[in-house]
Amino acid sequence: MAKIYYIDSENVGDSWIDLLSEDDSRFLVFYTGHSPRIAYPQAIQLMNATNKPEFVECYEGNNGLDFQLVSYLGYELHTDNTNEMVIVSNDTGFDAVVHFWMDRGMNVKRVPRSNASNTQILEIIEPVSDDEIITSL
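Residue 130 is where the sequence shown starts when you use this note's numbering, and the numbers rise one by one after that.
1. May I have the straight-line CA-CA distance separating Val215 from Thr179, to the nearest angstrom?
2. Taking its Cβ as the centre, do 16 or more other Cβ atoms sit within 10 Å of Arg239, making it buried, or is it exposed?
3. Tell me the residue span of the beta strand (DSSP E) that contains Ser218.
4. Please name the residue in Asp143, Tyr188 and Glu213 whose C-alpha comes closest to that of Leu175.
5. Would you check if there are 3 or more beta carbon pairs closer than 8 Å linking the stretch 153 to 168 to the stretch 225 to 238?
6. What are the start and end residues of each continuous beta strand (DSSP E) run of 3 or more residues lying completely inside the stretch 149 to 203, in chain order?
7. Which residues does DSSP list as the beta-bridge partners of Val240?
8. Taking the CB atoms as reference points, tell me whether Val158 and Val185 lie closer together than 8 Å.
9. Out of Ser218, Arg242, Ile146 and Phe223, state which residue places its alpha-carbon closest to the alpha-carbon of Lys181.
10. So, helix, strand or coil for Ser246, using DSSP?
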């Protein structure tokens, strides 16, 4: 089973680039003019990667990138639900989508990334339940 990564570049910057070394994976990088720029070391790593990502330019708006990423995910699940779908974002708002698809037997998860470049996956986060209260500072 292959993995398809849906990368929220506005949220995780270029911290996803080290994932390119994973074999049998596809990378979709969703970006807008609000996405942080890629640093030179990460740009070099990206240029030298054998597993090149696809870049998906998104329309800007309130949560615009998030909605387009989720729409693309749903489309991909409809056409090929055999892959593991991984949303790379620190945004817990995606957890509702993860719950939705997990309840329907689809292999969807969200993994957070540190905004610092070249870091490992921190941990796989279980989706936030409806009973938990999320506060932001």
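Yeah, the Cβ is synthetic: ideal placement off N, Cα and C, and Gly gets one too.
Let's see:
1. As a working mapping, residue 215 is identified with position 86 in the sequence shown. As a working mapping, residue 179 is identified with position 50 in the sequence shown. So the two alpha carbons sit approximately 20 Å from each other.
2. Within the sequence shown, residue 239 is the residue found at index 110, counting from 1. That one is buried.
3. As a working note, residue 218 is residue 89 in the sequence shown. Note, Ser218: premise wrong, no beta strand (DSSP E); not H, not E.
4. The residue given as residue 175 occupies position 46 in the sequence shown. Taking only the C-alpha atoms, the option nearest Leu175 is Asp143.
5. no
6. 154 to 160 and 183 to 186
7. As a working mapping, residue 240 is identified with position 111 in the sequence shown. Per DSSP, Val217.
8. Taking the sequence shown and counting its residues from 1, the one referred to as residue 158 is at position 29. Taking the sequence shown and counting its residues from 1, the one referred to as residue 185 is at position 56. It is a contact, given that the beta carbons lie within the stated cut-off.
9. Counting from one through the sequence shown, the residue named residue 181 turns up at place 52. Nearest of Ser218, Arg242, Ile146 and Phe223 to Lys181, Cα basis: Ile146.
10. To locate residue 246, count along the sequence shown from 1; it is residue 117. Because the pLDDT of Ser246 is 44, which lies under 50, any placement of that residue in the model is unreliable, and the question is left without a value.
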